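Q: The sequence shown begins at 157 in the numbering used here and counts up by one.
Have a look at this one before I ask anything.
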Amino acid sequence: MIMHLLLPIFSLLILSQSVSQALPLSTQSRWIVDEKGQRVKLACVNWVSHLDLVVTEGLSKQPIDVIANKILEMGFNCVRLTWPIYLVTNDSLASLTVRQSFLNAGLTDDISGFQANNPSFLDLSLIASFQAVVTSLSDNNVMVILDNHVTKPGWCCSRTDGNGFFGDTYFDPNLWIQGLTKMATLFKDNPNVIGMSLRNELRGPKENADDWYRYMQKGAEAVHSANPNVLVILSGLNFDKDLSFLHNKPVNLSFTAKLVFEVHWYAFTDGSAWKDGDPNQVCTRVVNNYMRTVGFLLDQGYPLFVSEWGVDLRGTDVNGNRYLNCFLKWVAEHDLDWALWTLVGSYYFREGVVGMEEYYGVLDSDWVSVRNSSFLERISAIQIPASR
Ligand SMILES: *[C@@H]1O[C@H](CO)[C@@H](O)[C@H](O)[C@H]1NC(C)=O
Ligand SMILES: *[C@@H]1O[C@H](CO)[C@@H](O)[C@H](O)[C@H]1NC(C)=O
Ligand SMILES: *[C@@H]1O[C@H](CO)[C@@H](O)[C@H](O)[C@H]1NC(C)=O
Numbered sequence: 157m158i159m160h161l162l163l164p165i166f167s168l169l170i171l172s173q174s175v176s177q178a179l180p181l182s183t184q185s186r187w188i189v190d191e192k193g194q195r196v197k198l199a200c201v202n203w204v205s206h207l208d209l210v211v212t213e214g215l216s217k218q219p220i221d222v223i224a225n226k227i228l229e230m231g232f233n234c235v236r237l238t239w240p241i242y243l244v245t246n247d248s249l250a251s252l253t254v255r256q257s258f259l260n261a262g263l264t265d266d267i268s269g270f271q272a273n274n275p276s277f278l279d280l281s282l283i284a285s286f287q288a289v290v291t292s293l294s295d296n297n298v299m300v301i302l303d304n305h306v307t308k309p310g311w312c313c314s315r316t317d318g319n320g321f322f323g324d325t326y327f328d329p330n331l332w333i334q335g336l337t338k339m340a341t342l343f344k345d346n347p348n349v350i351g352m353s354l355r356n357e358l359r360g361p362k363e364n365a366d367d368w369y370r371y372m373q374k375g376a377e378a379v380h381s382a383n384p385n386v387l388v389i390l391s392g393l394n395f396d397k398d399l400s401f402l403h404n405k406p407v408n409l410s411f412t413a414k415l416v417f418e419v420h421w422y423a424f425t426d427g428s429a430w431k432d433g434d435p436n437q438v439c440t441r442v443v444n445n446y447m448r449t450v451g452f453l454l455d456q457g458y459p460l461f462v463s464e465w466g467v468d469l470r471g472t473d474v475n476g477n478r479y480l481n482c483f484l485k486w487v488a489e490h491d492l493d494w495a496l497w498t499l500v501g502s503y504y505f506r507e508g509v510v511g512m513e514e515y516y517g518v519l520d521s522d523w524v525s526v527r528n529s530s531f532l533e534r535i536s537a538i539q540i541p542a543s544r
């Protein structure tokens, strides 16, 4: 009962916090701070815009402003918005209209949904539609992190999908830097775009630390010179679980106070260990491992952004439920910044399936009801800063 009463109060606090932030953000040791030096805790939710149709999910279900307000009402202050490189480097893709993209896929029901909920989007080009989403989030005081998720539009991530590491079929480092530069430039005058996450989940047979330094440093410099306001967010190797190479060799950049590292952590990261083993022992082992591979960066004076985590919100996955207990404790203890996977209630088209439901999504497939309110109550404790 008490939690039911607290939830709206927490949401109001977050709301007033987000209104008062003096942007842009920067870093001060391991904390993210605003212009006045006040700590800003990122409590973000991932919103998907990198799949085959290259249209931000859910817009056939609810008006964009309704979704933006719902994000705040649920206690989040920011969105990690995913995008594919081709959206800014392939002009024939970027200039397709939203309507054409759905027609090409034969998804006429969604076109009717757009007509009802977001008619002004239908004849926007894909790039203009992406910009309109960022504008709406900004107008509603939601901070935005632009996350380059893949090069070629589509569901991510496997070791062999050609989008995993520099030199893979779809991952030309020069095209990537060109794409990052274009995206950074496009939003350089929007203060609500507070960060850019350079590439999601590096992985696959080609991955190695030498190329990581070579290209991530180049990408970081390119983004910073195109938009010096944004936080530059770097992910690690092995699906963004490993930054241990930084123990011995720091990143060498020309700028300071903008660098953030990101990490991903799900239950399935450790297979079925949570279900099979003693949850307390597994928790100790896995947390120790994370501290060694990424958590040490806090002591080195960098913010750590847990940019993907989440569970099946139906509550029936024992492995996931046990992981969640451990995860929430870890995030609270270190007062980390984070982004939940995901806002998405359902996808237009994912991996060949039309209208696929997303059980990790905080919104239901109607894109306005909360899928599991007891989950939201639980995470409200980590949505507000514990310190500073
Ligand atoms: C560019 O986009 C168009 C339209 O989606 C597509 O047909 C074409 O294959 C793309 N080109 C590349 C190089 O991916
Ligand atoms: C860092 O980068 C600068 C500029 O590229 C270079 O001159 C310098 O030698 C590098 N420092 C280290 C320690 O690699
Ligand atoms: C929400 O999650 C909890 C477990 O965390 C579960 O017991 C409950 O059934 C879920 N509710 C719904 C509506 O799925």
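We put the CB at the ideal spot given by N, CA and C, even for glycine.
Keep in mind the model is a prediction, meaning the values are calculated, not measured.
#1: Can you tell me whether DSSP reads V201 as helix, strand or coil?
#2: Please tell me whether, using a cut-off of 7 angstroms, the distance from the CB of N477 to the nearest non-hydrogen atom of ligand 3 is below it.
#3: Please tell me whether V467 and L480 are closer than 8 angstroms, where the distance is taken between their beta carbons.
#4: Do E357 and S410 have their C-beta atoms closer together than 8 angstroms?
#5: Secondary structure at P240, three-state DSSP: helix, strand or coil?
#6: Going along the chain, which residues put their C-beta within less than 6 angstroms of some heavy atom in ligand 4?
#7: Quick check: N408 and R355, are their CB atoms within less than 8 angstroms of each other?
#8: Is V510 close to chain B, meaning its C-beta is less than 8 angstroms from at least one C-beta of that chain?
#9: In terms of DSSP beta bridges, what is I389 paired with?
#10: So, under 8 angstroms CB-CB, M499 and V518 are touching, yes? Tell me the CB distance rounded to an integer number of Å.
#11: Using a 10 Å radius around the Cβ and a threshold of 16 neighbouring Cβ atoms, would you call V306 buried or exposed?
#12: Which residues bound the beta strand (DSSP E) around A495?
#13: If you draw a straight line from the alpha carbon of K362 to that of S314, how long is it in whole angstroms?
#14: First and last residue of the alpha helix (DSSP H) that includes I267?
#15: Sort out for me which residues DSSP pairs E464 with in a bridge.
#16: Would you check if the distance between the CB atom of L460 and the CB atom of V450 is smaller than 8 angstroms?
#17: Pick helix, strand or coil for N364, following the three-state DSSP scheme.
#18: Using the three-state DSSP reduction, which class does C439 fall into: helix, strand or coil?
#19: Assuming G360 and G392 are in contact, meaning their beta carbons sit under 8 angstroms apart, how far apart are those beta carbons, in whole angstroms?
#20: Shorter than 7 angstroms, the distance from the beta carbon of N404 to the closest heavy atom of ligand 2, or not?
#21: For the putative contact between M339 and W239, defined by C-beta atoms under 8 angstroms, what is the C-beta separation to the nearest angstrom?
#22: Can you tell which of V416, N348, N385 has the C-alpha that lies nearest to the C-alpha of M372?
#23: For E213, tell me which candidate among R534, A537, F505, S529 has the shortest Cα-Cα distance.
#24: Under three-state DSSP, which class holds Q373?
#25: Would you call the CB atoms of I267 and L278 closer than 8 angstroms?
#26: Within 10 Å of its beta-carbon, does D366 have 16 or more other beta-carbons around it, so buried, or fewer, so exposed?
#27: Considering just the uninterrupted stretch of the alpha helix (DSSP H) at L573, what are its terminal residues?
#28: State the start and end residues of the unbroken alpha helix (DSSP H) segment that holds D247.
#29: Starting from Q184, follow its DSSP beta bridges and name the residues at the other end.
#30: Would you kindly report the start and end of the unbroken alpha helix (DSSP H) that includes M339?
#31: Between T264 and I333, what straight-line distance do the alpha-carbon atoms span, to the nearest angstrom?
#32: Indicate whether D426 and G310 have their beta-carbon atoms separated by less than 8 angstroms.
#33: Among all the DSSP beta bridges, which residues are the ones paired with M299?
#34: Counting only the same chain and skipping the five closest in sequence on each side, list residues whose C-beta sits under 6 angstroms from that of A199.
A: With the given structure in hand:
#1: strand
#2: yes
#3: yes
#4: no
#5: strand
#6: Only ligand 1, ligand 2 and ligand 3 can be found as ligands here, which leaves ligand 4 out of the picture.
#7: no
#8: The chain inventory of the structure shown lacks chain B, comprising one protein chain alone.
#9: S353, V416
#10: According to the sequence as given, residue 499 is Leu; it is not Met. At roughly 6 angstroms, the Cβ-Cβ gap stays under 8 angstroms, so L499 and V518 are in contact.
#11: buried
#12: 493–496
#13: Answer to the nearest angstrom: the Cα atoms are 13 angstroms apart.
#14: 264–273
#15: H420
#16: yes
#17: DSSP places N364 in the coil class of the three-state scheme, outside both helix and strand.
#18: Reduced to three states, the DSSP call for C439 is helix.
#19: No, G360 and G392 are not in contact; Cβ-Cβ is about 14 angstroms, not under 8 angstroms.
#20: no
#21: 7 angstroms
#22: Minimum Cα distance to M372 is reached at V416.
#23: F505
#24: helix
#25: yes
#26: exposed
#27: What the structure shows of the chain is the stretch from 157 to 544, and residue 573 is not part of that stretch, so it cannot be assessed.
#28: 247–250
#29: W187
#30: 329–342
#31: 35 angstroms
#32: no
#33: C234
#34: Once the five neighbours on either side are set aside, the close Cβ partners of A199 are F232, N233, Q539.
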